[in-house]
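Be aware that the sequence shown starts at 1472, since it is given in our numbering, and climbs by one per residue. Below: the structure, in structure tokens.
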Amino acid sequence: MRQLYGIYGAGGCGRGVMPLLAEQAEGAVELVFVDDSGKADRVNGYPVWTWEAFLMQTDREKAIAIAIANSEIREQINRKRQGAAVGLIDVISRNSVVMDDVEIGPGCLISPFVTMTSNIRIGSHFHCNIGSYVEHDCRIGNYVTFAPGVRCNGNVHIGDHAYVGSGAILRNGNADKPLVIGAGAVVGMGAVVTRDVASGSVVAGNPAREMAPKV
Ligand code: UDP
1472 MRQLYGIYGA GGCGRGVMPL LAEQAEGAVE LVFVDDSGKA DRVNGYPVWT
1522 WEAFLMQTDR EKAIAIAIAN SEIREQINRK RQGAAVGLID VISRNSVVMD
1572 DVEIGPGCLI SPFVTMTSNI RIGSHFHCNI GSYVEHDCRI GNYVTFAPGV
1622 RCNGNVHIGD HAYVGSGAIL RNGNADKPLV IGAGAVVGMG AVVTRDVASG
1672 SVVAGNPARE MAPKV
């Protein structure tokens, strides 16, 4: 019996990951979407199942890739996955480039045209979207999300659950003083980040500045 692989999330992110997983699995597994919305029975030719229906397939070994941009939801689903003893899939596009001494934690989704150079450490559940790059000596935490086209230069340290918007540029740090993006920070699209970003803050613009908190 073939293994069963689910992409959790049939939204924009999941639909971009399914073709990569299909290519990676080379027909050796059955592929479905898992989604809680109940909006559609099929998406792009694949069945969409609820989590409960997925779990009911007890005759097969099961694993999921969690393809939802919101990192808090990714973490919730991962906890649910662990509780159900379902496996976790890494999806790494064949036309991404990963160079020397790069460690990437479990549950990653690495999109086409991503480049990671050398001596990089990345935690679990990293989403690195289309055309982003990660340069030498970067340290990236767990559940970090890069939208498409992020330019993350050398010696940048990024905390857990940070989100970096499309086209943002993170200036390089150096070995003695890395550029730090704090945990849970949000970097707006197109931002040019030249200084450290505090945990939980939202920055945007060129040079990136902290946005006033909502009142
Ligand atoms: N979703 C889900 N369970 C959750 C949260 C989200 O199944 O707890 C699904 C949601 O129904 C939607 C998808 O995840 O189909 C998210 O898609 P969206 O296009 O909103 O965001 P993205 O794909 O960019 O993360």
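Yeah, the Cβ is synthetic: ideal placement off N, Cα and C, and Gly gets one too. Nothing here was measured: the structure is a model prediction, and the numbers come from that model.
- The Cβ atoms of F1504 and G1487 lie no closer than 9 Å to each other.
- With respect to the 9 Å criterion, R1565 and L1491 are classified as neighbours on the basis of their beta carbons.
- Around the CB of G1630, 16 or more other CB atoms lie within 10 Å, so the residue is classed as buried.
- L1641 has C1623, V1664 as its beta-bridge partners, per DSSP.
- Not one heavy atom of the ligand UDP sits closer than 8 Å to the Cβ of G1636.
- In the displayed model, E1574 falls within a strand according to three-state DSSP.
- Under DSSP, H1596 shares a beta bridge with no residue.
- In chain order, the residues positioned with their C-beta nearer than 5 Å to some heavy atom of the ligand UDP are G1480, A1481, G1482, G1483, C1484, D1506, D1507, S1508, I1539, A1540, I1544.
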